[in-house]
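Top line first, the protein sequences correspond to chains A and B. Heads up, the first sequence is in the working numbering, so the first residue is 147 and it goes up one at a time. Heads up, the second sequence is in the working numbering, so the first residue is 4 and it goes up one at a time. Read the structure below first, then the notes.
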Amino acid sequence: MKFFPLVWSNLKRKKLRTAFTLLSIVFAFILFGYLVAIRTAFTAGIEVSGADRMMVTHKVSIIQPLPFSYRDRIAQVPGVKTVSFMNWFGGIYQDPKNFFGQMSVDTGTFLDLYPEYVLSPEQKKAWLADRQGAIVGRVTAQRFGWKIGDKIPIQATIYRHPGGSNLWTFNLSGIYDGVQKATDTSNFYFHYDYLNEGTGGKLGIVGWYIIKIADPARSGDVAKRVDALFANSPAETKTQTEKAMAQSFANQVGSIGTIITAILAAVFFTLLLVAGNTMAQSVRERTGELAVLKTLGFSRGQVLGLVLAESCLLALLGGGLGIAVAWGLITALGDPTHGQLPVFYFPGPYITLGAVLAVLLGLVTGALPAVQAMRLRIVDALRRV
Amino acid sequence: MLNWLSQVAAVTWLNLRTIGQRRGASLAAVVGVAGVVAVFVTVLSIAEGFRRTMTTGASPDTAIVLRSGTDSEMMSGIVRDQARIIAEAPGVRRAAAGPVASSELYVVVDVPKRSTGTDANVPLRGVQPAAFDVRDRIRIVQGRRFEPGRNEVIVGKAAAAEFAGLDLGSRLHWGENQWTVVGIFAADGGLAESEIWCDVGVLQPAYRRGNTFQSVYAKLESPAAFDRFKDALTTDPRLDVKVLRESDYYAEQSRTLYAIITGLGTTIAILMGVGAVFGALNTMYTAVASRMREIATLRALGFNTGPVVISVLAESLALALIGGAAGAAIAYLAFNGYQAATMNWSSFSQVAFAFAVTPRLLVQGIVYALLMGLVGGLFPAIRAARLPVATALREL
């Protein structure tokens, strides 16, 4: 630690150069922050999916409905604790651009099945009591400035009233929060009974079933039993864990993760060269001084340490500053796509990864000049001056 | 003036010739710029490729009719009688077999992706025979067309490549029905290549859609006939529909994803660009510092500051140009035509597309590189020009 002033004054020697190197590192880490947040936005659904929940969909495609009568038959399958269901509504709020998920749900089982949605007891009571009631996540409520008690008009695209009108009005009974940051709070949920009544009372179908199972380790068995029930019927089913479903959905969006990792790698490689070259140069210019240090009795290890300390200090300063700025920007400005991503935040654990990358950057860029400095023979170096 | 120009030429040539002596620093600047340009061009080529696929083959003289209040085929619904009225409306082109219009059903089926093995939503479109005249770019490249009334499908080239089990001759089980792939078709790289087609008359009972369709595609007499056609349908009390040009419909569907990718790509490129400019600044400051005595000598000999500034800028621009060209070349060679698939949220189905590194993107990348070179060279150039001659000559 006693050499810190020496390292520091070496960095201050050419202030402009140090500043530029530092800034290029800062910008790279701001970018790192954004890329991590984007990646999380695409994969959060897989990581937070419930381990004890399974989805039962039509075998041909999730857009095909399933008969309402399946509910009681699924409930009798051994290993199934609760059966719930949902139906995609797909309406338009004011403009098609204001997209968010709307689902009619079985209010009796919904909140038990999704403990990750936090709703106050009064709001829960109000929602269950009002057939026209709906709850919405914090993100969407903030996006449109909705308050509890508001009337929300939505134009249906699929479900029309018997008279032909497609306007549905909901009372906002509650606004739920996510139990974690990664919980998607963009969806809008309302009573299946309201949908059924509003379409004439003879709907008889649901979009998909959600089942809660007693033992997540036996999900494979449960899936087989459920699917066997409806084999060779007009509506065969496909039962899979919520995680598998989220994974195949993420795969459908595309290999975003791979593309982003590739971009990250390109950025870091580029940065490594630019910053490393500058650092190496600044050590080369000081060959004479390093020789003097050695003459004064500095050991090879100490010289190596000095140079590495300098490069690591610079990298850590830049990395720390960059991540701090990225975190600030992401928190303050939020989602750059204005609501197209379900969640957008900088995940805490990635701070460690950032720190590791910064140290690696420092070590790799400092390594070559440091080793050169360590091997320096005093006579050669002093002769060069 | 001539003297000034020859001064510029002399100093610039001196600078460019000595780049080799500062190989390390110059190379770092070039690599920095190349990295930024490569990422910039590649990301934008994704957006460009997606848009190209969505809009190729969508022509302004084709109209698509949906139920009013819906904005995609998936949600729409049109009954047979209405479909007949639409096909007979004024403005629709007529052939020997009747109006060139096709009433269609659009559903999705789960088919595993070749790359991951997980299921994806692949569009299955039921069409009438006139569909091949409405979309005149469809060509069968393998096998034959499906026969009306039979459980046969033809598969788009891109879908056959992206998803498993869609090769010629494959048998498919969807629900209670078995289908055979009897042909593979191409559509000039357009969206239809991501779809599976069959006879709508077979699809309706298979999906329990009775006598309903979801959309009507109609070939118009000319692009100008659109307004006549639209007015006729929207004023008809028997119908409750909306009428769009096919080109507008698909341009609208590609708009959101195009905006997201372009927005994210530009943000990434700007952040990277700023980082690379700092690298370039370091390189150019070093270049100026290592030549302080030469520059001072030239100034003492009577050279103006102008040529000195220009020479430094020229060096920086030359490095940026090399970097930009290299980056653009990397993006083109590595990613032009790269096959990918993503979700089209409007139709809830997969679109297979190829990255498109267009000449416009290459030019944009190189312009961006020159901009970085300009900023990276400007401040060092000013410092070189402001150098007090006496101090500089005393250095070293």
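Yeah, the Cβ is synthetic: ideal placement off N, Cα and C, and Gly gets one too.
Query: Do you know whose CA, among P383/B, V280/B and M295/B, lies nearest G35/B's CA?; Result: V280/B
Query: So what does DSSP say about S105/B, is it helix, strand or coil?; Result: strand
Query: Which first and last residues belong to the beta strand (DSSP E) in which M200/A is found?; Result: R199 to H204
Query: With distance defined between alpha-carbon atoms, name the residue in G52/B, T45/B and A66/B nearest to A221/B.; Result: A66/B
Query: Alpha carbon to alpha carbon, how far is G380/B from L374/B?; Result: 10 Å
Query: Does G186/B come within less than 9 Å of chain A when only Cβ atoms are used?; Result: no
Query: Measuring alpha carbon to alpha carbon, tell me which of D243/B, R258/B and V244/B ends up nearest S250/B.; Result: R258/B
Query: What is the rounded straight-line gap between the Cα of N397/A and the Cα of R117/B?; Result: 11 Å
Query: Do I208/A and N124/B count as a contact pair if the criterion is CB distance below 9 Å?; Result: yes
Query: If you draw a straight line from the C-alpha of L222/A to the C-alpha of G353/A, how long is it?; Result: With the sequence shown as reference, residue 222/A is identified as Gln, and Leu is not the correct amino acid for it. Going from the Cα of Q222/A to the Cα of G353/A covers about 20 Å.
Query: On the criterion of 16 or more Cβ atoms from any shown chain inside 10 Å, does M4/B qualify as buried, or is it exposed?; Result: exposed
Query: Apply the 10 Å Cβ neighbour rule to I220/A and answer buried if 16 or more other Cβ atoms are within range, or exposed otherwise.; Result: buried
Query: Is the separation between the beta-carbon of F175/A and that of G464/A shorter than 9 Å?; Result: yes
Query: Taking the continuous beta strand (DSSP E) assigned at E155/B, which residues delimit it?; Result: E155 to G159
Query: How would you call R128/B, buried or exposed, if buried means at least 16 neighbouring beta carbons within 10 angstroms?; Result: buried
Query: Against chain B, does P380/A count as a neighbour if the rule is that its beta carbon must be under 9 Å from one of theirs?; Result: yes
Query: Can you find a C-beta in chain A that's less than 9 Å from the C-beta of M57/B?; Result: no
Query: Nearest by alpha-carbon distance to I281/A: which of V206/A, K227/A and L265/A is it?; Result: L265/A
Query: Going along chain B in order, which residues have a C-beta closer than 8 Å to the C-beta of I176/A?; Result: L274
Query: What residues in its chain sit with their C-beta under 6 Å from that of T215/B, if we drop five residues either side in the sequence?; Result: G80 and V82
Query: Please list the residues of the segment 232-249 of chain B that have a C-beta atom closer than 9 Å to any C-beta atom in chain A, keeping them in chain order.; Result: D243
Query: Near E51/B, what residues of its chain come up, given a Cβ to Cβ distance below 7 Å and the 5 sequence neighbours on each side ignored?; Result: A359, T361 and L364
Query: What in chain B is Cβ-close to V202/A, meaning under 9 Å?; Result: Correct list: empty, because the minimum Cβ distance to chain B is about 14 Å.
Query: Hey, could you find the ends of the beta strand (DSSP E) K227/A is sitting in?; Result: V226 to W234
Query: Flag this pair as yes or no: are the beta carbons of A31/B and T286/B separated by less than 9 Å?; Result: yes
Query: Counting beta carbon pairs with one atom in the segment 386-394 of chain A and one in the segment 198-207 of chain A, are three or more of them shorter than 8 Å?; Result: yes
Query: Could you tell me which of W200/B, A337/B, L274/B and S9/B sits nearest to R148/B, measuring between CA atoms?; Result: W200/B
Query: At the 9 Å Cβ level, is L30/B part of the contact set with chain A, yes or no?; Result: yes
Query: Can the beta-carbon of F336/A be found less than 9 Å from the beta-carbon of F235/A?; Result: yes
Query: What distance in whole Å lies between the Cβ atoms of I184/A and L267/B, which are believed to be in contact at a cut-off of 8 Å?; Result: 7 Å
Query: Kindly list, in the order they appear in chain A, the residues whose Cβ is closer than 9 Å to that of Q367/B.; Result: The premise fails here: Q367/B is roughly 18 Å from chain A at the closest Cβ pair, so nothing lies under 9 Å.
Query: Does DSSP classify S394/A as helix, strand or coil?; Result: helix
Query: Rounded to whole angstroms, what is the Cα-Cα separation between G38/B and R26/B?; Result: 18 Å
Query: Does G376/B pass the burial test, meaning 16 or more other C-beta atoms within 10 Å, or should it be called exposed?; Result: buried
Query: What residue range is occupied by the uninterrupted beta strand (DSSP E) comprising F336/A?; Result: F334 to H337
Query: Quick one: is the Cβ of E179/B within less than 8 Å of any heavy atom of the ligand HEM?; Result: No copy of the ligand HEM appears in this structure; indeed no ligand is present at all.
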